[in-house]
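Colleague: Below is one structure. I have some questions about it.
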Amino acid sequence: MPTLQENLLNCLRDAHAMECHAEKMLKALADQLSDCTEIKARLDEHLLETMDQQVLLETGMKRYADCAPTQVVLKDPPMIFAHAVERMSLGHEALKRAMTGYVLETIEIALYTVLNNAAQAAGDTELQAASERILLEEVAMAQWFKEHLQEITQAFIKTATPPDA
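According to our numbering, the residues represented by the sequence shown are 405 to 569, in order.
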């Protein structure tokens, strides 16, 4: 039976893996939507938040690294959802990435809620504060994706080749 500290470390590793995946996805999406300056600006802003989140999570992992073997392979749970979206036949990578971003943010909200509760149970106020901060950022970004999916879709539709062309 894993200890609370081992569970916290596993949760931190999962969160870090998701943030690494999010970094790649955000970079690619921002590049694909470079003509949409407001959208790109928000994606770039969240990219910086994501990279800062990685540092916060790495700091937490270092505190718990001695409680579990270091050979544990980082898990990548969002890949299951990312692959499902990538297999969709929408035909436009930016639209798929935007949908993946929205799904990813929702998963992150759930994970940071769990991490926050676990940190509270362990009495780790530093990790609790970090997870609360990250949670607020992820909630804001999920809301942003929800509000801007229509705009991203419109950008996709404008770049699509008409059937008569």
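The beta-carbon is built from N, C-alpha and C at its ideal position, and this holds for glycine as well.
Taking only the alpha-carbon atoms, compute the straight-line gap between residue 477 and residue 418 and give it to the nearest angstrom.
Modeller: As a first step, residue 477 is located in the sequence shown; it is residue number 73 there, counting from the start. As a first step, residue 418 is located in the sequence shown; it is residue number 14 there, counting from the start. Residue confidence is low: residue 477 scores 45 on pLDDT, short of 50, so the model does not pin down where it sits. No coordinate-derived value is stated.
Colleague: Alpha carbon to alpha carbon, what distance is there between residue 429 and residue 436?
Modeller: Along the sequence shown, one-based indexing puts residue 436 at 32. Along the sequence shown, one-based indexing puts residue 429 at 25. Rounded to whole angstroms, residue 436 to residue 429 spans 11 Å at the Cα level.
Colleague: Using a Cβ distance threshold of 8 Å, determine whether the segment 455-470 contacts the segment 534-542, with at least three qualifying pairs required.
Modeller: At 8 Å Cβ cutoff, the stretches touch.
Colleague: Just to confirm, are residue 647 and residue 522 a CB contact at a threshold of 8 Å?
Modeller: Absent from the structure is residue 647, since the part of the chain shown begins at 405 and ends at 569.
Colleague: To the nearest angstrom, how far is the alpha carbon of residue 444 from that of residue 508?
Modeller: On the sequence shown, position 40 is the one that residue 444 refers to. On the sequence shown, position 104 is the one that residue 508 refers to. Roughly 18 Å separates the two Cα atoms.
Colleague: Take residue 415 and list the residues in its own chain whose beta-carbon comes closer than 8 Å to its own, dropping the five residues that flank it on each side.
Modeller: Taking the first residue of the sequence shown as position 1, residue 415 is located at position 11. Answer for residue 415: 515, 518, 519, 522, listed in chain order.
Colleague: Tell me the residue span of the alpha helix (DSSP H) that contains residue 437.
Modeller: Locating residue 437 in the sequence shown gives position 33, counting from the first residue. From DSSP, residue 437 is part of no alpha helix (DSSP H); its letter is neither H nor E.
Colleague: Just curious, the alpha helix (DSSP H) that residue 505 is in, first and last residue?
Modeller: As a working note, residue 505 is residue 101 in the sequence shown. 497-526 is the extent of the alpha helix (DSSP H) around residue 505.
Colleague: So, residue 556 versus residue 502, is the Cβ gap smaller than 8 Å?
Modeller: The residue you call residue 556 lines up with position 152 of the sequence shown. The residue you call residue 502 lines up with position 98 of the sequence shown. Yes. Within cutoff.
Colleague: On a CA-only basis, which of 407, 500, 421 is nearest residue 455? Give me that one, please.
Modeller: As a working note, residue 455 is residue 51 in the sequence shown. Selected option, being the one with the closest Cα: 421.
Colleague: Report yes if the C-beta distance between residue 431 and residue 451 is below 8 Å; otherwise report no.
Modeller: Numbered from its first residue, the sequence shown carries residue 431 at position 27. Numbered from its first residue, the sequence shown carries residue 451 at position 47. Yes, Cβ-Cβ distance for residue 431 and residue 451 is below 8 Å.
Colleague: When burial is assigned at 16 or more other CB atoms within 10 Å of the CB, is residue 405 buried or exposed?
Modeller: Taking the first residue of the sequence shown as 1, we reach residue 405 at position 1. Exposed, because fewer than 16 other Cβ atoms sit within 10 Å of the Cβ of residue 405.
Colleague: Within its chain, find whatever has a CB closer than 8 Å to the CB of residue 427; leave out the 5 residues flanking it on each side and keep chain order.
Modeller: What you label residue 427 is simply residue 23 of the sequence shown in a count that begins at 1. Hits under 8 Å: 451, 454, 455, 458.
Colleague: On the premise that residue 468 lies in contact with residue 409, defined as a C-beta separation below 8 Å, what is that separation, rounded to the nearest angstrom?
Modeller: Taking the sequence shown and counting its residues from 1, one reaches residue 409 at position 5. Taking the sequence shown and counting its residues from 1, one reaches residue 468 at position 64. The Cβ separation is near 5 Å, so the contact holds.
Colleague: Measuring alpha carbon to alpha carbon, tell me which residue in 540, 446, 496, 525 is nearest residue 549.
Modeller: What you label residue 549 is simply residue 145 of the sequence shown in a count that begins at 1. Residue 446 is the option with its Cα nearest to residue 549.
Colleague: Kindly indicate which three-state DSSP category residue 465 falls into: helix, strand or coil?
Modeller: Mapped onto the sequence shown, residue 465 falls at position 61. DSSP places residue 465 in helix when its eight states are reduced to three.
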